[in-house]
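Chains A and B, in that order, are what the protein sequence lines are.
Numbering of the first sequence is given in the UniProt record's numbering, commencing with residue 1 and proceeding in unit increments.
Numbering of the second sequence is given in the UniProt record's numbering, commencing with residue 1 and proceeding in unit increments.
Built from N, CA and C at the ideal position, the CB exists for glycine as well.
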Amino acid sequence: MIAFLKRSEGLWLFVRSPAAIVAAVVAVLIIFGAAFAPLLSPVNPYDLSSFSLFDGLIPPLWQEGGNAKFLLGTDDQGRDMISSILYGARLSLIIGLAAMVIATVLGVGLGLAAGYYGGRFDAFVMRIADVQLALPAILTALLIDGIARGVLPADMQGDLRIAVLTIAIALSLWVNFARTARASTFVQMNKEYVQAAIMMGQRPARVMFVHILPNILGPLLVIMTVDLASAILLEATLSFLGIGLPPDSPSLGTLIQIGMQFLFSGEWWILWIPTLFLVALVVSINILGDFLRDVFNPRLR
Amino acid sequence: MVYFILKRLVQSVFVMLAVAFLAFALFRFVGDPVSQMTGVETSVQDQEKLREELGLNDPFAVQFYRFTTDMLRGDFGFSYRTRQPVAQMISARIPATLELGFVALLISLIVGIPAGVYTALRPRGVTSQTILMVTLVGVSIPTFVIGIMLIFYFGVKLGWLPTFGRGGTVNVAGWETSFLTVEGWRSLILPALTLGVYQLTLTMRLVRAEMMEVMRSDYIRFATARGVPMGRLYFRHALSNTLVPVITIIGLQFGGVIAFSIVTESVFQWPGLGLLFLESIRFVDIPVMGVYLVVIALFFVIVNMVVDLLYVAIDPRLRVRDAT
């Protein structure tokens, strides 16, 4: 009932907030484009036979020398920019979403358990969280990536790149979830419904996931949105640094890194169009996250 | 007071031991040190001999003890990639990163604190709303994109400022500083701005939140009623009570500055620790990675200690509680 009221109130606030509407439209458009990339994009950028060097460095359609075949122009290899970007956004989103989901499951699970059991287990989890919180996420992700490079055999590296990247990002983001879930669980533990459930002899797992979890979802939802943006940013940063995805399966970050080579020459579109996409995606997700925070925290309104 | 400092010291030692253990585990278990140091043509006997010489057959605890004592003596081992002593490689890079981080932090404080106070006092004003909107966008733009934009505008388009390297440096007692030459300062501006912008938004948002919290409290309302002049009210009564969390954040930000300097240094080819760390990850140069971790952890521990001591200096209540 309370959840329902909050939702309808949220809808009302949403209609009244132009920034949130614009952000939602942009985010949905990019996510839609990425999800249906194979259907929407003119060519498959992974297929080497689909582009040729003769089409290289064609500017976008509206600029002189543009070609109707390539709406946003081509890169130096003759790859169609739209196709690269849609496929790149697809990879960025897949990795970001997967990392966010893993971080949520891990963090909320540990946080709930820490809040429920308290004591030694709680202290143990929170010590790890403290240490990790002291190290910024990007450092943790870089480190995990570096370790994976050392441990995995060289011939498997390419195939596992996406998995390694996802796990590295997830492991550097779980702390937020764990801390929030733990703090909210502590509050719920003193409530009568939880005490009643425990006294009725329900199993801890049931109390945690069926009784407590639905009541702490609000703040977690906010963190999920904000962390999705962080995950996408982290992936882009790692790929930009040349540690993430390789150039033959580029994400938005890799595309920007490739575009950097053209910073000093005139081919602006190779660098700035992917950059614009990345920024638009992250900014709109962050605005939505900010909006959600306001909805769930009436005191700030 | 002495007890407090001692307690913090013991904690710090444990943190450093934990990080040293991590660095050691990296070195020992990620890849085989012997095969890293030798070529393909080295015979198995020679490899075994090297293994024995390096003490890799000793019990785990003995190896870890040797690893830590070596580190304490300043012997950090050799890089797999360049075959140089790691201590030398790291210490050559430290001044670049520290100077960059220092200037970035300064930018974030000088701009961030006044902006935070202003937006807290006039929350509904047009200027405040604009500042807040800009910072939200600022947080969402990746550091490397800010760097690229600055390079493009000030470096390529206007051609005002250099876009890579440190420019001219002067060696003062073994410390390569870019503070003493014009070219050094010019090279410092763009990277420091890039690094500072993100921290700036954090500082501003925190100061704003704290100020708004304080302005709501009873003693401010009471002081207003008593007719305390506005300037004194804002800065003496309100701002000084927000300092404790602000100092915490500055401490934490120092970590952020060091971490994001990896990205900034990569964009601007700034020859600091971050660039070294990136290179060592790319080449799986485990000894350098491990030592980088230890050095960063040491920074953190020192900064945290200083922050804790500052608390006591700023907040008189802590001194009283300590005495009882």
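Run of the beta strand (DSSP E) containing residue i, from where it starts to where it stops
i	result
residue 215 of chain A	Note, residue 215 of chain A: premise wrong, no beta strand (DSSP E); not H, not E.
Test item: CB-CB of residue i and residue j under 8 Å
i	j	result
residue 261 of chain A	residue 242 of chain A	no
residue 252 of chain A	residue 92 of chain A	yes
residue 178 of chain A	residue 114 of chain A	yes
residue 97 of chain B	residue 290 of chain B	no
residue 141 of chain A	residue 238 of chain A	yes
residue 90 of chain A	residue 37 of chain A	yes
residue 95 of chain B	residue 183 of chain B	no
residue 299 of chain B	residue 258 of chain B	yes
residue 74 of chain A	residue 58 of chain A	yes
residue 100 of chain B	residue 272 of chain B	yes
residue 264 of chain A	residue 156 of chain B	yes
residue 27 of chain B	residue 287 of chain B	yes
residue 271 of chain A	residue 289 of chain A	no
residue 160 of chain B	residue 154 of chain B	yes
residue 164 of chain A	residue 148 of chain A	yes
residue 245 of chain A	residue 182 of chain A	no
residue 297 of chain B	residue 15 of chain B	yes
Paired residues, beta bridge with residue i - DSSP
i	result
residue 171 of chain B	B:176
residue 78 of chain B	B:85
residue 307 of chain A	Look at the range of chain A in this structure, 1 to 301, and you will see that residue 307 of chain A is not part of it.
Whole-angstrom C-beta distance between residue j and residue i, which should lie under 8 Å
i	j	result
residue 176 of chain A	residue 136 of chain B	Wrong, their Cβ atoms sit about 19 Å apart, outside the cutoff.
residue 76 of chain B	residue 87 of chain B	4 Å
residue 264 of chain B	residue 195 of chain B	5 Å
residue 214 of chain A	residue 180 of chain A	Incorrect: roughly 15 Å between the Cβ atoms, too far for contact.
residue 151 of chain A	residue 30 of chain B	6 Å
residue 410 of chain B	residue 278 of chain B	Outside the shown range of chain B, which is 1 to 324, sits residue 410 of chain B, and nothing can be said about it.
residue 208 of chain B	residue 119 of chain B	5 Å
residue 45 of chain A	residue 83 of chain A	5 Å
residue 243 of chain B	residue 314 of chain B	5 Å
residue 138 of chain B	residue 197 of chain B	6 Å
residue 95 of chain A	residue 185 of chain A	Not really, about 29 Å apart at Cβ, beyond 8 Å.
Opening and closing residue of the alpha helix (DSSP H) in which residue i lies
i	result
residue 242 of chain B	Neither: residue 242 of chain B is in no alpha helix (DSSP H) and is coded neither H nor E.
residue 212 of chain B	182-215
residue 140 of chain A	137-151
residue 44 of chain A	Segment: none, residue 44 of chain A is in no alpha helix (DSSP H) and carries neither H nor E.
residue 279 of chain B	273-282
residue 269 of chain A	268-296
residue 192 of chain A	192-199
residue 269 of chain B	Where residue 269 of chain B is concerned, there is no enclosing alpha helix (DSSP H), given that its DSSP letter is neither H nor E.
residue 287 of chain B	286-314
residue 234 of chain B	Segment: none, residue 234 of chain B is in no alpha helix (DSSP H) and carries neither H nor E.
residue 18 of chain A	18-35
residue 153 of chain B	From DSSP, residue 153 of chain B is part of no alpha helix (DSSP H); its letter is neither H nor E.
residue 127 of chain B	126-140
residue 12 of chain B	2-29
residue 53 of chain B	44-54
residue 260 of chain A	252-260
residue 72 of chain B	60-72
residue 203 of chain A	From DSSP, residue 203 of chain A is part of no alpha helix (DSSP H); its letter is neither H nor E.
residue 224 of chain B	218-226
So does the region 190-207 of chain B actually touch the region 247-259 of chain B, counting three or more Cβ pairs closer than 8 Å?
yes
Would the region 197-214 of chain A count as touching the region 106-124 of chain A if we require 3 or more Cβ pairs under 8 Å?
yes
When you compare the region 237-251 of chain B with the region 304-314 of chain B, are there three or more beta-carbon pairs, one atom per stretch, that lie closer than 8 Å?
yes
The region 228-239 of chain B in contact with the region 180-191 of chain B per 3-pair CB rule at 8 Å
no
For the region 141-155 of chain B against the region 270-288 of chain A, are there 3 or more C-beta pairs whose distance is under 8 Å?
yes
At least three beta-carbon pairs within less than 8 Å, the region 163-175 of chain A to the region 221-234 of chain A
Yes: the two stretches touch, three or more of their Cβ pairs being nearer than 8 Å.
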